[in-house]
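Here the structure is laid out as structure tokens; the discussion comes afterwards.
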Amino acid sequence: MLPGKLTTSIKGHRVTGDPASHPYAGKTATLATKHDKLGLIGPPLERAVGLQVEAVAVDTDSLGTFTSDIARRGTPLETAIAKARLGMSATGQTLGIASEGSIGPDPTMPLVITDRELVVLVDDDRRTVVSGSYTSSDIVTATAAVAPGNDLDALLTAADFPTHQLIARPNAGSIHPIRKGIANVEDLTASVSECAQASSDGFACIETDLRAHACPSRQAIITAAAERLAQRLAALCPSCGSPGWGVVDVLFGIPCAWCGSEVRRPRAEVDGCEACKHQEIRSVVALEARADPAECQICNP
Ligand SMILES: [Zn+2]
Ligand SMILES: [Zn+2]
Numbered sequence: 030m031l032p033g034k035l036t037t038s039i040k041g042h043r044v045t046g047d048p049a050s051h052p053y054a055g056k057t058a059t060l061a062t063k064h065d066k067l068g069l070i071g072p073p074l075e076r077a078v079g080l081q082v083e084a085v086a087v088d089t090d091s092l093g094t095f096t097s098d099i100a101r102r103g104t105p106l107e108t109a110i111a112k113a114r115l116g117m118s119a120t121g122q123t124l125g126i127a128s129e130g131s132i133g134p135d136p137t138m139p140l141v142i143t144d145r146e147l148v149v150l151v152d153d154d155r156r157t158v159v160s161g162s163y164t165s166s167d168i169v170t171a172t173a174a175v176a177p178g179n180d181l182d183a184l185l186t187a188a189d190f191p192t193h194q195l196i197a198r199p200n201a202g203s204i205h206p207i208r209k210g211i212a213n214v215e216d217l218t219a220s221v222s223e224c225a226q227a228s229s230d231g232f233a234c235i236e237t238d239l240r241a242h243a244c245p246s247r248q249a250i251i252t253a254a255a256e257r258l259a260q261r262l263a264a265l266c267p268s269c270g271s272p273g274w275g276v277v278d279v280l281f282g283i284p285c286a287w288c289g290s291e292v293r294r295p296r297a298e299v300d301g302c303e304a305c306k307h308q309e310i311r312s313v314v315a316l317e318a319r320a321d322p323a324e325c326q327i328c329n330p
């Protein structure tokens, strides 16, 4: 613990009262980004913990792209850490930041497209990785197979074009050419002709360009994830003072009001520190809480 720096406790999380006294205050972290995300990720971190974020342009496409021309290999967390490390080796900083988005059908509602954004901070001095994530369906996505001469009005409205940019590629047979960052009708018309011609079925596949700088609805979700990371970093470990104290696990099991057997309901959260591995269990229900027998496997099988 760093005496004098821990001023308040909110829901069991120790937070610094003043970003200027945070361990990261005045430190510089490298944000690895091919498409400039500095304005989305830097401000929340600077406000919350006084961290200065500098962007470095590295080619993160080698770690996977949305257009699947290069498939992502690791999990989103592994990919984000690998990106952060690319930036750290480029600048020599021991603090690195990167983000990674996963956009696709919601596992429980397949017709809904969701975007889960993950922002990580890799700290090689403390040997820690702290992350924040945010999931939202407030992302504009559209996809359609079109032939040259087709009326595109409905598609362009659904795609919020040209505020959101588009990608064109052959609909079948070939993955090339891929035209990205299409932002005006002339480019779109030319790309449809070119990609339809290269396609074995005569159609071009038009879809939303999901790269952050081309997709404003995604930008807000990246910022929300950066806010989550900033809040987590603001919470300091009560044992060693490292940034990033927060929930690492949830414990289940509340006694049924009728029979007393355990019902699978959250009972407590486990807060933990990546640096020193200290953990504390924090109840999320009163000790005398009992579960509704309607949820009990024995009383209501
Ligand atoms: Zn600790
Ligand atoms: Zn019961």
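Using my numbering, the first residue of the sequence shown is number 30, and each one after it goes up by one.
Note that the Cβ used here is the ideal one computed from N, Cα and C, for glycine as well.
Query: Can you determine whether any heavy atom of ligand 2 sits closer than 7 Å to the C-beta of residue 327, and answer yes or no?; Result: yes
Query: Please classify residue 155 as buried or exposed, where buried requires at least 16 neighbouring CB atoms within 10 angstroms.; Result: buried
Query: Within the structure, which residues are defined as neighbours of ligand 1 by a Cβ-heavy atom distance below 5 Å, reported in chain order?; Result: 266, 268, 269, 271, 302, 304, 305 and 307
Query: Give the list of continuous beta strand (DSSP E) stretches no shorter than 3 residues that lie fully inside the region 46-133.; Result: 57-61 and 81-85
Query: Near residue 290, which residues of its chain fall below 6 Å by C-beta distance, leaving aside the five closest residues on each side in sequence?; Result: 327
Query: Compare the beta carbon distance of residue 336 and residue 115 with 8 Å and say whether it is the shorter of the two.; Result: In the structure as shown, the chain begins at 30 and stops at 330. Residue 336 is therefore absent and cannot be evaluated.
Query: Rounded to whole angstroms, what's the CA-CA distance from residue 150 to residue 247? Just pull it up for me.; Result: 20 Å
Query: Is the beta carbon of residue 258 sitting closer than 8 Å to the one on residue 161?; Result: yes
Query: Within its chain, find whatever has a CB closer than 7 Å to the CB of residue 311; leave out the 5 residues flanking it on each side and keep chain order.; Result: 41, 297, 298 and 300
Query: Under the three-state reduction of DSSP, which class applies to residue 245: helix, strand or coil?; Result: helix
Query: Nearest to residue 62 by CA position, among 276, 91 and 187, is which residue?; Result: 91
Query: In the DSSP assignment, what are the bridge partners of residue 233?; Result: 175 and 199
Query: Checking 8 Å against the spacing of the C-beta atoms, do residue 237 and residue 170 come in under that value?; Result: yes
Query: Do you know offhand how far residue 211's Cα is from residue 123's?; Result: 37 Å
Query: Compute the Euclidean distance between the alpha carbons of residue 183 and residue 307, then round it to the nearest angstrom.; Result: 55 Å
Query: Any heavy atom of ligand 2 closer than 7 Å to the beta-carbon of residue 330?; Result: no
Query: Pick helix, strand or coil for residue 194, following the three-state DSSP scheme.; Result: coil
Query: Report yes or no: do three or more beta-carbon pairs, one from the region 195-210 and one from the region 221-236, lie closer than 8 Å?; Result: yes
Query: Of the choices 280, 267, 112 and 106, whose alpha-carbon is the least far from that of residue 64?; Result: 112
Query: Using the C-alpha atoms, what's the distance from residue 77 back to residue 158?; Result: 18 Å
Query: Go ahead and pull the three-state DSSP assignment for residue 149.; Result: strand
Query: To the nearest angstrom, how far is the alpha carbon of residue 231 from that of residue 180?; Result: 16 Å
Query: Excluding five sequence neighbours on each side, which residues of the same chain lie with their C-beta closer than 7 Å to the C-beta of residue 125?; Result: 58, 59, 61, 113, 114, 116, 117 and 151
Query: Could you say which of 323, 131 and 153 lies nearest to residue 121 if we only look at CA atoms?; Result: 153
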